[in-house]
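Take a look at the structure set out below.
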Amino acid sequence: MAGLDILLQNVANGVLMGGVYALIGIGLTLVFGVMRTINFAHGDFVVLGMYSAVLFNALLGWDPYLSLLLAMPIGFFAGVVVERFILSRVVDAPPESALLATLGISLIIGNAILLTFGGEPRSVQVSYASSTFSIAGVNVSMVLLLAGIATVIMIAALYALLNRTEIGRAIRGTAENRLGAELVGIDTRRIHSIVFGLGVMLAVMAGVTLIPLLFATPTNTGAVFTLKAFVVTVLGGLGNVGAAIAGGILLGVVEVLGASYFMSEYREAYGLIAFLLILLFRPEGLFGRTVKRV
Amino acid sequence: MRIAIAAALAATLSVIGAPAQAQVEVGVINSLSGNFAAFGERYRTGLQVALDEINANGGINGQQLTLTIQDDRSEAKSALAAAESFASKGVPLVIGSYASSITGPLAQFLTRQKVPMIVLGSADDSITKPGSPWVFRAKHNSTIVAKTYFDYFDHLKNTKKDVPLETVAMLYGNGAWPTSLAKEGKRLASERGYKVVGDQAYDQGVTDFRPILNRFRGANPDILYIVSYAEDGVAITRQMREVGLNAKVIAIDTSAALPSFVQQVGGSANYVATAVSWSQDVKYPGAQELYERLKAKAGGEPSFYEAEGYLALMVAADALRRADPKSRDSVREALAATDITTPVTTVNFKSADGFQGQNPIRSLILQIQDGKHVTVFPDDLAANPPQHPTPEWSAR
Amino acid sequence: MPNVLRADGITVKFGGVTAVNNVSLSLGSGEILGLIGPNGAGKTTLFNAVTGFAPMHSGRITLLDKDITTLPAFKRTRLGFGRTFQTERPFEELTVLENVLVAAFLTAGRRSEAERLAMGVLEQVGLADRAHQPALDLNLARRRRLELAKALAVKPKVIFLDEIMAGLNPPALREMIAFVRSLSAQGLAVLMVEHIMEAIIELSDHVIVLASGEKIAEGTPHQVTSDERVIEAYLGTD
Amino acid sequence: MIKHLIGLGVLLAVGIAYPAIFPNNLTIAISVLLFAGWATSWDLLGGWNGQVSLGHASFVGLGAYFVAIGQSQFGLAPWWTMAMAAAFAAVLGYFWGQLTFSLRGPYFSLSTIAVAEILRLVAINEEWLTGGATGVFIATLPEPFGIDLFSRTAQFYMALAFAAMVIAIVIAISRGRFGYQLRAVREDEDSAMASGIDPTATKLKAFMLSAALTSIGGGIYGIVLAFIEPHVIFALLLSVQIALTAIIGGRGTIWGPAVGALVLVGAGEMFRTTFAEANMLIYGILILVVVLFLPRGIVGELARRHIRRLYAKRAQG
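Chains as they are written, first to last, in our numbering: chain A, 332 to 625; chain B, 8 to 403; chain C, 751 to 988; chain D, 2 to 318.
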């Protein structure tokens, strides 16, 4: 392959990986935007989604994408329950309480999976796992593309929800100013539950979508995804849902190009360096609203 | 899937065996929770199978053998706390653990406490090189495994002279085991006249290997020498097919040896080679029967990890029979004089080439053939000949 | 009176908006300067610019003939500025005494010395009996006094009071007015932003009126309250 | 003040007697003391100064590596290398803080994760610097006054000295000017500036001191393990555990982090030997319980109740 072809291929792969990262990141950014809580269990919810796909596949022989139908509502419900019984009780405590609570939840999820499924890495084998098709000499992975499409659909749906519905307005109002929202009669506790439910649902969905491509382990994988989600959301702008796509793609491209043309062992560092630079020079993220530095 | 929560809660200090009459207690430090729990489970199965066999055959000179297994949470400080409790409890020897980051500190501590130790899972050279008079390892190490891979490559080259094997690309995780296996591999490659045309490391947790695999594709290597973590070999193999990275020999260490690998990668797993210390079809007496017992205990497909757990306890029992279990010195001496044959391997601790207390075990190369792990090398132990060369992805 | 504080041509811009445009002021020791104007006139912005809490676009500030234009807020404090915040900002997790200790440590080297200074200031503002109460639990009037205590504990030469009278009931207001007068009697230069005209008229030696960021009038309280532009500014735009 | 000094005395007295009473439970006690020291060091920055770092494993790793490489490559005794590690950690903390202290709240915490992860990757990949992924052994140590530093008893006393030193430093700081500067900056930076405090300088000092102290504990940890691997000692998980210990115990309190270490390490050890595979699950539940019922941490909650009671009494009397 000529240099330019390879570059195109790499950029394409970076963009597609970016879709994956964005998918992992949206739930986190939504939750942060509204609840101002950094959810350390986010990656574990992604892993929970992966295991749900593994379970449906093993028990019912379902294709992962089919199991979305069940996994997403369950994820939403689980999120609402976690918010109601745990996070809502620390919302007025010092900010580190929510962080700690999500750390505790992370430990509980990971180890509950470990006890149920054992520590062996899991994945779901589908016929299209390695399928590709080629556009203008660039190979495109089928699973990555599906994940990318899922990301776009999800963000479009979320965007519509936030901007076109009553509940969306209430969510935005709560994100903007919780006290103000309460003054105009919005039940912000209910909104928090819904938002966390949505966040978990998105995480679960990301997990289900990615399992044909990746693999899951009970305790390792969650932390990796949580870290990726942090990077994606900060790159795009914490709390800005649409920008998660931009953040994801930026991360994907930076990582892939770094690993392709520089040292691959520093792959994880490229994203983190971009993350730091953005934090320092544009803490609102590439596309976020201006964060008050005070 | 097992609902293990209740069982685990009940298993306060998993003391196994009847505590009725005089007994000999062996301490085990194993990773049952945390990142290495997948291996810990397998080792425990193997240990239990060995324990049943030993006690059915009269225990240790008529005394029951019991195991006290302590979890190390996959971290060194817990392992050290467990080791201290074993050392003070007077157990004649300790078996442990999986990761080198845990086993290394354990070996140091037990040596200073003068407690004989049998390595359970760690394969890092550094555990027995320079080693100590108190530390024994019946299983393989990085030097042995890397050598086995290159012996296998040489073997393929010599048997099919029309398929040239000259270049090798290496992909490995940045953990201790993958790094040391890659290091030794690079040394052997230059020693034996292979040209390293790709050399890339990655951090644990990476899920996208396409940039590296694409780089390799440009270099067009004859051999892919990949040392992965347990979980990511699946993604590596799927993506290898996806980007169309072809090689005549594909070796993937660690993850390809797990039974789940075949299940999760499907047809793309065929032709992949991996080094192990034991396999059910190896031509050792009793291997098949051991496989059946391991399978029954595990409730699933066993791997060489179970066998290594079994091996560690068999070695311990043999030494205890020949020693006074009350005297650690005598146990150590008995261990040093070990000379047994098990269905897993023969054990005979040596001190050579800078190693100490290391069993010069013969590693095996398994190849996945039609969705099954098959021993293909060394020749005299092989069940089938290797399928070679690996066809291109487009032709499969 | 010799100038303690001089600010010349202060201009503050936020984005494209000019919040304060070319305002100058000067203040001598023992003098009380009142800063008034309708809401949004830029009083607090000017205040923040002079004390170093808001970035200035242009202008020059001197304290006792020393140029402090580019110094950060905390250095201005060290040179002799004390200030209160419009919405009180006690260190909520600390007790009343500890709040003042923080400021007292600026000049006091030892704990005992700092404590003596802090207790003295608390006596002065009438909070000594609350010294060990968590600051979070104070009511509004006492929070105001705590703000004052914190500002005084740095031993300032100029004290900036940002609407410390607002919301006080009549007896509390009288007390506060008397207290501010006692400060100037001790030789402190006082710059106060205030909405309560009663206090301004009673206390100020000199008044500056701001509207839309511009200085529209300056003089004795009597002069400015009869100034037509001032009346228009208050009645017309606000 | 007197109370705290008595507390310190009790800690030292119990500590000095401990190895004679429990000679077979030293490893776990060393863990408690190291975590007490690390969490107390972390708390100088995270609790007293309000800057929640999730990157303190970097300093633990730094200390451990200085001691291990100093010993194995250059034959330097651990006390020298610990001093060097502390100095280096302070310098690292200075630059790290310069880089990230413009960020507030969660942004600062996230930036510390990023910096620490980058340092972890450097430690793993730069073999010339750290010996690389395969780790470093400490095979020999000097024997000052004939003391075997490899013995658990000697290591226990080192850890005790470390924890006591850090707590003593915090006691000294808490009553003085610096202690109030730290808290003022935590509560309100503008208000702190109005009191003449330079917030950035205060945060930098806190970070440097916190980093230096943490690295000394890291050096002791290196000796205890005698074998260190970069991906374990620079792990995010360790950073999180250190922060967790301080927060569970009570941020910004003198004894909170130490109590947190006792509770978390103690509970972890108890669960490990009692619940086998389920131990980490129970540990997670414990964390949730503390967060839900003691939001200010164990000591934080007690202290608050104590102050309220005291004040109520005075108001009555």
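Ideal Cβ placement from N, Cα and C applies to all residues, glycine included.
Just so we're clear, the structure is a prediction, and the values are computed from it rather than from any experiment.
Next item on the list: Along the beta strand (DSSP E) that carries Glu964(C), what are the first and last residues, could you check?
Entry: First-last of the beta strand (DSSP E) with Glu964(C): 964-969.
Check: Can you tell me whether DSSP reads Phe235(D) as helix, strand or coil?
Finding: Coil at Phe235(D), not helix or strand.
Note to self: Which runs of the alpha helix (DSSP H) at least 4 residues long sit entirely within the segment 487-567 of chain A? Give them in chain order.
What the structure shows: Segments of the alpha helix (DSSP H) lying fully in the segment 487-567 of chain A: 497-507, 509-514, 519-541, 551-567.
Checklist line | Complete runs of the alpha helix (DSSP H) confined to the segment 109-152 of chain D [at least 4 residues] | finding: Whole alpha helix (DSSP H) segments, 4+ residues: 128-131.
Check: Quick one, which residues of the segment 183-197 of chain D are near chain C if we go by CB-CB under 9 Å, in chain order?
Finding: Within the segment 183-197 of chain D, those residues whose Cβ lies closer than 9 Å to any Cβ of chain C are, in chain order, Arg184, Ala185, Arg187, Glu188, Asp189, Asp191, Ser192, Ala193, Met194, Ala195, Ser196, Gly197.
Checklist line | Three-way DSSP call (helix, strand, coil) for Val585(A) in this model | finding: Val585(A) falls in the helix class under three-state DSSP.
Note to self: Using DSSP's beta-bridge definition, name the partner residues of Arg756(C).
What the structure shows: Listed as beta-bridge partners of Arg756(C) by DSSP are Ser776(C), Thr812(C).
Item checked: Candidates Pro805(C), Leu872(C), Thr768(C), Arg880(C), of which the one nearest Arg309(D) by Cα -> Nearest C-alpha to Arg309(D): Arg880(C).
Notebook entry, point to check: Which residues of chain D have a Cβ atom closer than 7 Å to the Cβ of Gln874(C), listed in chain order?
Noted result: Proximity of chain D to Gln874(C) at the Cβ level (cut-off 7 Å) is not reached, the minimal Cβ distance being about 17 Å.
Checklist line | Within-7 Å CB hit, Pro395(A) to chain B | finding: Answer no: the Cβ-Cβ gap between Pro395(A) and chain B never drops below 7 Å.
Check: Taking the alpha helix (DSSP H) that Ala176(B) falls in, what are its first and last residues?
Finding: Going by DSSP, Ala176(B) is part of no alpha helix (DSSP H) but of the beta strand (DSSP E) stretching over 174-180.
Checklist line | Per-residue burial, Glu838(C) [other beta carbons within 10 Å of its own, 16 or more giving buried] | finding: Counting C-beta atoms within 10 angstroms of its own C-beta, Glu838(C) has 16 or more neighbours from the protein chains shown and is therefore classed as buried.
Next item on the list: Keeping to the same chain, check which residues put their C-beta closer than 8 Å to that of Ala305(B); ignore five residues upstream and five downstream.
Entry: When the five nearest sequence neighbours on each side are left out, the beta carbons in the same chain lying within less than 8 Å of the beta carbon of Ala305(B) are those of Arg49, Thr52, Glu313, in order along the chain.
Next item on the list: List the residues of chain D whose Cβ lies closer than 8 Å to the Cβ of Thr761(C), in chain order.
Entry: Against chain D, the beta carbon of Thr761(C) has no neighbour under 8 Å; the closest one sits roughly 22 Å away.
Check: So which residues on chain D does Gln450(B) lean against when the C-beta distance must stay under 9 Å?
Finding: Any answer about residue 450(B) is impossible in this case: the structure gives chain B only from 8 up to 403.
Next item on the list: Could you name the residues of chain D that Leu87(B) contacts, counting a contact when the two beta carbons are closer than 8 Å?
Entry: Residues of chain D passing the Cβ test: Thr28, Val225, Leu226.
Item checked: At least three beta-carbon pairs within less than 8 Å, the segment 583-599 of chain A to the segment 335-345 of chain A -> Contact between the segment 583-599 of chain A and the segment 335-345 of chain A is present, because at least three Cβ pairs lie under 8 Å.
Checklist line | Delimiting residues of the alpha helix (DSSP H) encompassing His5(D) | finding: Here the alpha helix (DSSP H) through His5(D) covers 3-22.
Next item on the list: Identify whether Gln30(B) lies in helix, strand or coil by the three-state DSSP scheme.
Entry: The answer is strand: DSSP assigns Gln30(B) an E or B state.
Next item on the list: With DSSP as the reference, label Glu235(B) as helix, strand or coil.
Entry: Looking at the sequence provided, one finds Ser at residue 235(B) rather than Glu. The answer is coil: DSSP assigns Ser235(B) none of H, G, I, E or B.
Margin query: Suppose you measure from the CA of Lys900(C) to the CA of Ile542(A); what does that come to, to the nearest Å?
Written below: Roughly 59 Å separates the two Cα atoms.
Next item on the list: Enumerate, from N- to C-terminal direction, the unbroken beta strand (DSSP E) stretches of 3 or more residues contained entirely within the segment 259-335 of chain B.
Entry: Whole beta strand (DSSP E) segments, 3+ residues: 279-283.
Notebook entry, point to check: Considering only C-alpha positions, which residue in the set Val875(C), Asp887(C), Glu952(C), Ser932(C) is nearest to Gly780(C)?
Noted result: Measuring from the Cα of Gly780(C), the nearest candidate turns out to be Ser932(C).
Notebook entry, point to check: Rounded to a whole number of angstroms, what is the C-alpha to C-alpha distance between Ile369(A) and Pro426(A)?
Noted result: Their Cα atoms are separated by approximately 9 Å.
Next item on the list: Go ahead and label Ala17(B) buried or exposed: buried means 16 or more other beta carbons lie within 10 angstroms of its beta carbon, across all protein chains shown.
Entry: For Ala17(B), the predicted structure reports a pLDDT of 41, less than 50, and the residue's modelled location is therefore unreliable. The matter cannot be settled from this model.
Notebook entry, point to check: Can you pull the DSSP bridge partners for Phe228(D)?
Noted result: In the DSSP output, where bridge partners are listed per residue, Phe228(D) has Phe138(D).
Note to self: For Phe268(B), tell me which candidate among Arg248(B), His380(B), Ala323(B), Leu301(B) has the shortest Cα-Cα distance.
What the structure shows: Comparing Cα-Cα distances from Phe268(B) to each of Arg248(B), His380(B), Ala323(B), Leu301(B), the minimum goes to His380(B).
Check: So what's Pro228(B) in DSSP terms, helix, strand or just coil?
Finding: Pro228(B): coil per DSSP, three-state reduction.
Check: Does the beta-carbon distance from Gly197(D) to Arg833(C) come in below 7 Å?
Finding: When the beta-carbon positions are compared, Gly197(D) and Arg833(C) stay at least 7 Å from each other.
Checklist line | Touching by the beta-carbon criterion (3+ pairs, under 8 Å), the segment 402-422 of chain A and the segment 521-528 of chain A | finding: Yes, the segment 402-422 of chain A is in contact with the segment 521-528 of chain A.
Notebook entry, point to check: What is the DSSP secondary structure of Tyr201(B), reduced to helix, strand or coil?
Noted result: DSSP places Tyr201(B) in coil when its eight states are reduced to three.
Notebook entry, point to check: Which stretch, first to last residue, makes up the beta strand (DSSP E) that contains Ile283(D)?
Noted result: No beta strand (DSSP E) contains Ile283(D), which is instead part of the alpha helix (DSSP H) from 280-294.
Checklist line | the segment 404-415 of chain A in contact with the segment 466-485 of chain A per 3-pair CB rule at 8 Å | finding: With a cut-off of 8 Å, the segment 466-485 of chain A and the segment 404-415 of chain A do not count as touching, because too few Cβ pairs lie within range.
Next item on the list: Starting from Gln340(A), follow the alpha helix (DSSP H) in both directions and report where the run begins and ends.
Entry: Start and end: 334-366.
Check: DSSP beta-bridge partners for Ile417(A)?
Finding: Under DSSP, no beta-bridge partner is assigned to Ile417(A).
Next item on the list: State the Cα-Cα distance for the pair Ile168(D) and Ser216(D), rounded to the nearest angstrom.
Entry: C-alpha separation (whole angstroms): 15 Å.
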